[in-house]
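To convert, note that position 109 of the sequence shown is 109 in the numbering used here; the numbers rise steadily by one, no gaps. The beta carbon of each residue, even a glycine, is placed where N, CA and C say it ideally should be. This one's a predicted model, so the numbers in the text were calculated from it and none came from an experiment.
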Amino acid sequence: MNLATFGNLLRENGESRVGFILPEGGLIAPEFHITEVGHVAKRFIDCGGTLRWAESCLLQAWVAADDKTHRLTAGKLARILDLSRQVVPTDELPMELEHGDGPVSQYAIAGAELHDGELRFRLAHKHTDCLAREACGLAPDRADSAAGCGCGEGRCC
């Protein structure tokens, strides 16, 4: 989901509470705070020597141990996003959420649903992949045959 879609959903459901569904089906504690909205730009070279660039809009969710009654509405989060316009250059960036319940994890924001007055965003795991398959001696269409080698979802063995 990109920032434009995320923001539109927030504005269309301004009075709804916001929630996040973890990939395994659980929810981030409802008293979470959004403590950061950032533009993340990653410039890197893959193992085949190709220069690459990736960008995202990253939200940081934090749960305060001493603030159990806090609830974030979609309208309030939309206003927080509006403040981020100084650092987020475009609405086309993919949305991600960073959350620490133990180790810090980053998730892609993959979809949304309304459930009992709450706008819930579905989080998805991010995965590693070999971006230079030919340079690594892997077939470019490895994703189609990965199930046979036990790698799963096309990631390098």
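DSSP three-state call for residue i: helix, strand or coil?
i, result
"A54", "strand"
"G7", "helix"
"E134", "coil"
"G102", "coil"
"E153", "A caution first: E153 carries a pLDDT of 48, below 50, which makes its placement in the model unreliable, though a value can still be read off. Looking at E153 - three-state DSSP - the assignment turns out to be coil, as it is neither helix nor strand."
"P94", "strand"
"A139", "coil"
"N2", "strand"
Whose CA, out of the options, lies closest to the CA of residue i?
i, options, result
"A65", "H33, L27, G19, G117", "H33"
"I109", "A54, A74, E96", "E96"
"V87", "V37, K42, L119, Q60", "V37"
"P30", "T50, L72, S56, D129", "L72"
"D91", "G100, D101, A78, C47", "A78"
"L22", "D46, A61, F6", "A61"
"N2", "H39, L138, D101, T50", "H39"
"R122", "H70, L83, E134, G26", "G26"
"A4", "L114, S56, E134, Q106", "S56"
"A74", "L51, V18, L58", "V18"
"E24", "A139, A132, H125", "H125"
"A132", "I45, W53, L114", "I45"
"E134", "I28, A41, L9, G48", "G48"
Per DSSP, what are the beta-bridge partners of residue i in this structure?
i, result
"H115", "E118"
"H127", "Paired residue(s): none; H127 is not in a bridge."
"A108", "E96, A124"
Problem set entry | Complete alpha helix (DSSP H) runs within the region 13-92 (minimum length 4 residues, chain order) | As far as the region 13-92 is concerned, its whole alpha helix (DSSP H) runs of at least 4 residues are 74-83.
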